[in-house]
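The structure appears below as structure tokens.
Chains as they are written, first to last, in the working numbering: chain Z, 19 to 575; chain X, 8 to 278.
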């Protein structure tokens, strides 16, 4: 639905300040950026991560005592979906060299590289192949491909600064060094990054970048990357099989302590299936659908932290899960689009954030956590938020100023996806600004792993958002599409080499699940929760009240 | 069972008008402002198939519907389309489609290769049903025509916003799966037809030769900050912060000719 008259009135205030803001921009002037101390101050006061009542200690497992959000603790302090005594491990339903859990960008690039090593690969995925946050990433992929002004060194510094200098140096170094090769690889597979006529790739800024190194494919960068690698996986159908609507729900180990497969759950037939594999790559992505602190999310329907749960039960430690990334700009109105991501590329291109009076209150290219905290402060503390008809507050993202700066039609041409989305609601974002508020976006932390993709469990590799440490306490824009490709490729390759050369065969077992259950009982946790969650449940109370059998274990409800 | 998230569960707080919709022929009363996806969840459905990104880009939730007394077939993405009173709808979560398997290393980027992989292209009757059914407003018939004319670049451009929901394939008189053909075309254009980007190869070669290793080694040696013991490596972290703060920022207004004054850890002849 179009903006109601109340908002149209307020938009006039944005229009009133726009010419001066555009002039300032054209003259090279910017709203002053915060220094490191000021950043720290606003984060400590207004970022959702700092709310102590939002988290609690984990009582069991390798990270006992670690304080993270309740929603995640609920999942790790829960029982398996399967009774280990009931699963027949002696007759696997599938056997393969490399099992990849998750069919997004990380899993698919891992599959391609594993196949190139000569391995047979199975991708097990919860929804369809390619249904993942990768598909939704809009803004771009960072890589220092322009040696005359940029290099892995500057990329490294930017990543560390964005992550509050807490990142794992080896993971960061590998990420920045492998980045240009990932761009080369994607181009060679036919990914259509935006280019100038002479072939130079177009690049722009993102929050926290010192050089313009964000490569993009219009405003559907992730979708273009995902559909390209997926298409190539489909060409290699003899070696890469995909099992859809069958999420893994538990890892299988062998009696030598190595990872040796997984139990899948066919969501359509409610069967549990056993896959025996020589090595496993965990690429299940993130957890936005946990709706931490009731925030809306930009994430895919399946982003429910399954990989964290399975690997934690098997003994892989967690790191950096005490921070979660809130994307500064999610749609807060119209309600139908609530939570949907508005790419940082708008701010990268120079669109200002302005309050109810039409005034700027923050530099539009602060790192994401700082930007989000400043928006929350403006709404809850300064009280200059824009009231929405749904009783919430938002901030204007002044997209029309881009048309003023770069010519009429710029927004429509450069942001076709978002332009169509809003036009469905009767809003032309080349003419009217967007109403935004921070939204759950990225799981900064995850499973501990090394820069060769390996973990403390032999035969078990990690790639993408499910891993932690690369981004420290905060990820910069454009480094997640990069992360999934860099570590997808590395993990796929190394998992295949392990499968072909180093694997230690042994008897399959789910003993780790039995031990975990025992630990739950001994810790005094009283719960009938089971996990992984698999899918969020949006059933309303009036329906739920009549679903008498919905609580039975083993049903999805 | 798991405690589950609640944020999207909420019924709109203001008392809202309910409208009847018919999900696969069965009547439900739902709030008038909801999208089809949220309306089905309001009615009590829990998605396994037919929901994906919930943001209009993944193509999982293609939906067809009709309204009483109107012969037109209407389409939309369930996550993006607001319900209408009396609509009769079904989702099409899957539709069988022919996808040619080809060896990527062997293709050269010629139209004939697309013709060979998908000879059904030439069965197109130009009925335009594909374009009419596309929820992304892509001129499907036009890109099919461009492919037939050998203009792969035009086809790639016209099909760029395709989310591969498959609705075009459900309506095609020629029984094509247009979106798979367009995917092959876009890949050929991206890798084999578009102008190459030599600056990428130069940078990859420089990295592989170890050109930046010394600079990276120095900065890595400064280590990292333990979030739970922030003073442990303070001296080094202060040095790291100093490097971070003094790194030269490229201004917003630069074009491709810009180069920083500080040439440390850069590459000569990189263009």
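A virtual CB, placed ideally from N, CA and C, is assigned to each residue, including glycine.
None of these values were measured; they are calculated from a predicted model.
Cβ-heavy atom distance between residue i and the ligand ATP below 8 Å?
i	result
residue 209 of chain X	Ligands are entirely absent from the displayed structure, and the ligand ATP is therefore not among its contents.
Would you kindly work out how many angstroms separate the C-alpha atoms of residue i and residue j, rounded to a whole number?
i	j	result
residue 10 of chain X	residue 29 of chain Z	Reliability fails at residue 10 of chain X, whose pLDDT of 30 lies under 50, so the model's placement of it is uncertain and the value that follows must be treated cautiously. Each residue's Cα considered, the two are about 40 Å apart.
residue 193 of chain Z	residue 134 of chain X	49 Å
residue 127 of chain Z	residue 502 of chain Z	8 Å
residue 34 of chain Z	residue 350 of chain Z	23 Å
residue 576 of chain Z	residue 130 of chain X	Only positions 19 to 575 of chain Z appear in the structure, and residue 576 of chain Z is not among them; the question remains open.
residue 244 of chain Z	residue 135 of chain Z	21 Å
residue 109 of chain X	residue 124 of chain X	8 Å
residue 141 of chain X	residue 73 of chain Z	45 Å
residue 4 of chain Z	residue 518 of chain Z	No answer is possible for residue 4 of chain Z: it lies beyond the span of chain Z, which begins at 19 and ends at 575.
residue 451 of chain Z	residue 170 of chain Z	36 Å
residue 563 of chain Z	residue 48 of chain X	14 Å
residue 229 of chain Z	residue 205 of chain Z	21 Å
residue 233 of chain X	residue 184 of chain Z	6 Å
residue 513 of chain Z	residue 480 of chain Z	10 Å
residue 376 of chain Z	residue 31 of chain Z	5 Å
residue 181 of chain Z	residue 71 of chain X	45 Å
residue 182 of chain X	residue 189 of chain X	15 Å
residue 395 of chain Z	residue 152 of chain Z	30 Å
residue 467 of chain Z	residue 50 of chain X	43 Å
residue 258 of chain Z	residue 196 of chain Z	24 Å
Does DSSP put residue i in a helix, in a strand, or in coil?
i	result
residue 160 of chain X	helix
residue 159 of chain Z	strand
residue 112 of chain Z	strand
residue 123 of chain X	helix
residue 133 of chain Z	helix
residue 63 of chain Z	helix
residue 97 of chain X	strand
residue 456 of chain Z	strand
residue 42 of chain X	strand
residue 482 of chain Z	helix
residue 101 of chain Z	coil
residue 246 of chain Z	helix
residue 411 of chain Z	strand
residue 270 of chain Z	strand
residue 218 of chain Z	coil
residue 233 of chain X	strand
residue 506 of chain Z	helix
residue 343 of chain Z	strand
residue 487 of chain Z	coil
residue 223 of chain X	helix
residue 75 of chain Z	strand
Just mark residue i as buried or exposed, buried being the case when its beta carbon has 16 or more other beta carbons within 10 Å.
i	result
residue 258 of chain X	exposed
residue 566 of chain Z	exposed
residue 180 of chain X	exposed
residue 401 of chain Z	exposed
residue 31 of chain X	exposed
residue 79 of chain X	exposed
residue 276 of chain X	exposed
residue 436 of chain Z	buried
Residues, ordered as in the chain, of the region 254-269 of chain Z that lie near chain X by beta-carbon distance below 7 Å: 255 and 263
Uninterrupted beta strand (DSSP E) stretches inside the region 51-87 of chain X (no shorter than 3 residues): 69-73 and 81-84
Contact set between the region 532-546 of chain Z and chain X, restricted to residues whose Cβ is under 8 Å from the partner: 546
Positions along the region 206-230 of chain X whose CB lies within less than 7 Å of some CB in chain Z: 206, 207, 208, 209, 210, 211, 213, 214, 219, 222, 223, 226, 227 and 230
Chain X contacts from the region 344-361 of chain Z (Cβ-Cβ distance under 9 Å): 352, 353, 354, 355, 356, 357, 358 and 359
Members of the region 158-173 of chain X that neighbour chain Z once the beta carbon cut-off is set at 8 Å: 163, 167, 168, 170 and 171
Residues, ordered as in the chain, of the region 183-209 of chain Z that lie near chain X by beta-carbon distance below 7 Å: 183, 184, 185, 186, 187, 191, 195, 198, 199, 201, 202, 205, 206, 207, 208 and 209
Under 8 Å (Cβ pairs) to chain Z, residues found in the region 27-51 of chain X: 40, 41, 42, 45, 48, 49, 50 and 51
Against chain X: residues of the region 270-287 of chain Z by CB proximity under 9 Å: 285 and 286
Under 9 Å (Cβ pairs) to chain Z, residues found in the region 120-152 of chain X: 143 and 144
Contact set between the region 433-447 of chain Z and chain X, restricted to residues whose Cβ is under 9 Å from the partner: 434, 435, 438, 439, 442 and 443
Interfacial residues, the region 487-498 of chain Z to chain X, with Cβ spacing under 7 Å: 491
Selection of the region 402-434 of chain Z by Cβ proximity to chain X, strictly under 8 Å: 408, 409 and 434
Contact list for the region 61-72 of chain X against chain Z, Cβ threshold 7 Å: 61, 62, 63, 64, 65 and 67
Near-chain Z residues of the region 230-249 of chain X - C-beta to any C-beta below 8 Å: 230, 231, 232, 233, 234, 244, 247 and 248
Ordered list of beta strand (DSSP E) runs contained in the region 274-330 of chain Z, each at least 3 residues: 277-284 and 289-300
Interface positions of the region 147-164 of chain Z facing chain X (Cβ-Cβ less than 9 Å), listed along the chain: 148, 149, 150, 151, 153, 154, 156, 161, 162, 163 and 164
Selection of the region 507-536 of chain Z by Cβ proximity to chain X, strictly under 9 Å: none
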